[in-house]
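Structure record follows, encoded as structure tokens.
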Amino acid sequence: SFSRGPQTLRVPKKLHTLNQQRLSSQLRRHPDVSDGSFVLLRGGESATRHCSDHEPVFRQESYFHWAFGIEEPDCYGAIDVQNGTSIVFVPKLPDCYAIWMGKLCTAEECVEKFGVDEVAYVEDMVDVLRARNAKVLLTLRGRSSDSGKMSTEATFSGIENFKVNSSVLFEVIAECRVFKTPLELDVLRYTNRISSEAHKEVMRRIRPGMKEYQLESIFQHYCYYNGGARHCSYTCICGTGPNGAILHYGHAGAPNERTVEDGDMCLFDMGCEYYCYASDITCSFPANGKFTPDQKIIYNAVLKSSRAVMAATKPGVSWTDMHLLAERTILGELKAHGLLKGSVDDMMKARLGATFMPHGLGHFMGCDTHDVGGYLSHCPPRSTEDGLKSLRTARTLKAGMVLTIEPGCYFIDCLLTKAFEKGELSVFLVPEAIQRFRKFGGVRIEDDIVVTENGMELMTDVPRTVEEIEALMAEGRKEHQ
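Quick note on numbering: full-length UniProt numbering labels position 34 of the sequence shown as 34, and the sequence is numbered without any gaps.
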């Protein structure tokens with residue numbers, strides 16, 4: 001089993017055995033898979049920072065981790081489709097590596113460590129696969145619908161001795177990853193628990209005058225110190241004031257460096273990763289711990305939207321319909337508070353919602369924050385309409401799917417300028433009211449959920465109502481005076 005320490009989650013290697021069995025079972029049913037077929041996956045490769053010899057902390061390639069759960073780089077993994085047995089191939093390292101890296105495990109010792117049926121060296125792959133009567137190697141070749149990048153297809157010296165089929169595996173393994181097993185859900189619940197507590201710690205300790213990166217640091221420290229989570233699932237977004245309207249703030253060009261000001265609205269999107277399983281949580285709150293009337297308007301509009309989607313989430317529901325429900329709820333609230341005018345139905349037809357929420361409602365989550373399976377060949381295609389084209393999936397929900405629900409409302413200068421210039425959108429805008437919010441930033445409320453047989457399970461546990469947030473932040477001011 002895997003664990004970072006006595007206080008952290010212990011993950012049984014059975015998680016990967018079950019994943020291997022699920023994958024093999026699906027492949028055996030596939031009309032294009034013949035006898036003697038073996039899945040062959042390539043793990044992540046060791047790398048250095050540019051041309052230096054500095055090695056960043058390695059993080060395993062997600063498909064490989066899902067199937068084998070091995071932390072080390074430069075490995076391959078094979079699964080006999082017929083019987084589900086597994087072989088991991090490890091690099092044969094020079095003896096001198098032990099001086100710098102610690103004791104080197106033998107192939108025999110790795111069998112127990114990895115929880116697989118057999119471990120051999122990469123240099124012996126041809127002989128080992130031949131001895132197992134491998135005839136066809138099913139390799140991973142497909143394009144991520146999120147990044148647009150191709151997966152890493154396994155190749156090795158001697159692969160020409162086998163027939164290679166790269167057309168089957170990608171769709172089958174991606175579809176398997178869409179549906180989480182109970183053991184996977186245990187890890188995702190754990191990452192949510194740790195990240196939720198870390199978000200609460202940030203809310204207790206934030207003060208005007210601090211730097212955004214100091215809040216990021218508090219989150220990261222909490223997750224690693226208390227949860228053994230060495231990695232974050234993605235670059236932390238700590239947007240305060242107008243930075244809350246920058247959807248992916250926190251990147252190298254805008255590195256969470258603003259000074260938090262009294263009166264700012266904060267939008268903190270942060271999640272820890274444990275054992276290569278993600279969490280993805282956004283909390284929005286006032287820097288000084290007390291909501292202004294305007295902050296309440298936007299926050300409660302987004303909260304109402306989030307609650308509406310959660311109440312409607314269940315198997316058989318279209319994720320596209322959930323996105324439209326979120327948009328409609330937010331537009332209705334903006335109209336009710338004088339920022340918009342006219343018919344909400346007409347606003348929806350004109351796609352005004354995309355001005356205030358240009359991103360999708362949410363995405364699959366698992367070994368990747370934006371997890372795979374959103375637009376496979378059997379899935380509804382991506383929309384071309386504003387807002388909807390940003391949805392990372394348009395699928396109908398089924399039990400076992402894990403998604404984020406993350407409606408938001410932002411005042412993004414370039415989008416507002418464009419809306420005022422377009423007659424079909426400007427007709428709905430109340431200029432003087434919108435102007436009041438031009439430097440507001442934004443609000444996003446993001447939770448991680450599991451679709452269940454008759455509804456959904458909420459894994460995230462943070463304060464969400466205005467009253468809950470203000471109470472927690474007041475408590476924090478007493479604790480950290």
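C-beta atoms are modelled at their ideal positions from N, C-alpha and C, and glycine is treated no differently.
Cα-Cα separation, residue i to residue j
i, j, result
"V443", "S233", "21 Å"
"F356", "G408", "8 Å"
"R328", "G353", "7 Å"
"E470", "P463", "9 Å"
"S157", "V122", "9 Å"
"D32", "I206", "57 Å"
"M401", "C51", "41 Å"
"V57", "Q21", "30 Å"
"G253", "S147", "20 Å"
"L425", "L415", "11 Å"
"T17", "E153", "22 Å"
"V136", "F162", "6 Å"
"G239", "Y222", "19 Å"
"V317", "D371", "19 Å"
"T369", "V164", "30 Å"
"A433", "D294", "11 Å"
"D127", "I159", "11 Å"
"Y63", "G43", "8 Å"
"V309", "L391", "15 Å"
"E479", "I218", "15 Å"
"P315", "D321", "13 Å"
"Y375", "G362", "14 Å"
Cut-off 6 Å between Cβ atoms - residues of its own chain near residue i, not counting five sequence neighbours on either side
i, result
"E446", "I281, T282, T404, E406"
"M347", "L331, F428"
"F179", "G400"
"F38", "A78, D80, A134, L137"
"G142", "S151, F170"
"P242", "K439, G441"
Sheet register partners of residue i (DSSP bridge)
i, result
"E446", "T282"
"D80", "F38"
"R464", "Note: R464 sits in no beta bridge, so no partner."
"Y410", "G442"
"D269", "I237, T282"
"V90", "Y121"
"H231", "E273"
"E457", "V450"
"P11", "It is Val, not Pro, that sits at residue 11 in the sequence shown. F2, per the DSSP bridge assignment."
"K211", "T259"
"L429", "L340"
"S196", "DSSP lists no partner for S196."
Beta-carbon contacts of residue i that lie in its chain and below 7 Å, excluding the five residues immediately before and after
i, result
"H54", "T48"
"R4", "G228"
"P12", "S1, L183"
"R351", "E385, D386, G387"
"K113", "C105"
"S46", "E55, F58, P73, D74"
"I297", "H337"
Cβ-based neighbour list, residue i, same chain, cut-off 8 Å, excluding 5 preceding and 5 following
i, result
"V430", "G338, L339, L340, K341"
"N192", "S279, I281, D448, M459, T460, D461"
"N450", "The residue asked about is misnamed: residue 450 is Val in this sequence, not Asn. Cβ within range, chain order: K180, L185, L188, G400, M401, V402, M456, E457, M459."
Residue-chain proximity (residue i, chain C), Cβ-Cβ < 8 Å
i, result
"D262", "Within the model displayed, chain C is absent; a lone protein chain is all it includes."
Sequence ranges, alpha helix (DSSP H) only - wholly within the stretch 329-403, length at least 4: For the stretch 329-403, whole alpha helix (DSSP H) runs of length 4 or above, ordered along the chain, are 344-349, 353-356.
Segments assigned beta strand (DSSP E), at least 3 residues, entirely inside the stretch 130-190: Every beta strand (DSSP E) of 3 residues or more that sits fully in the stretch 130-190 is shown, in chain order, as 136-139, 163-165.
4-residue-minimum alpha helix (DSSP H) runs that sit fully inside the stretch 53-79, ordered along the chain: Fully contained in the stretch 53-79 are the following alpha helix (DSSP H) runs of length 4 or more, in chain order: 62-68.
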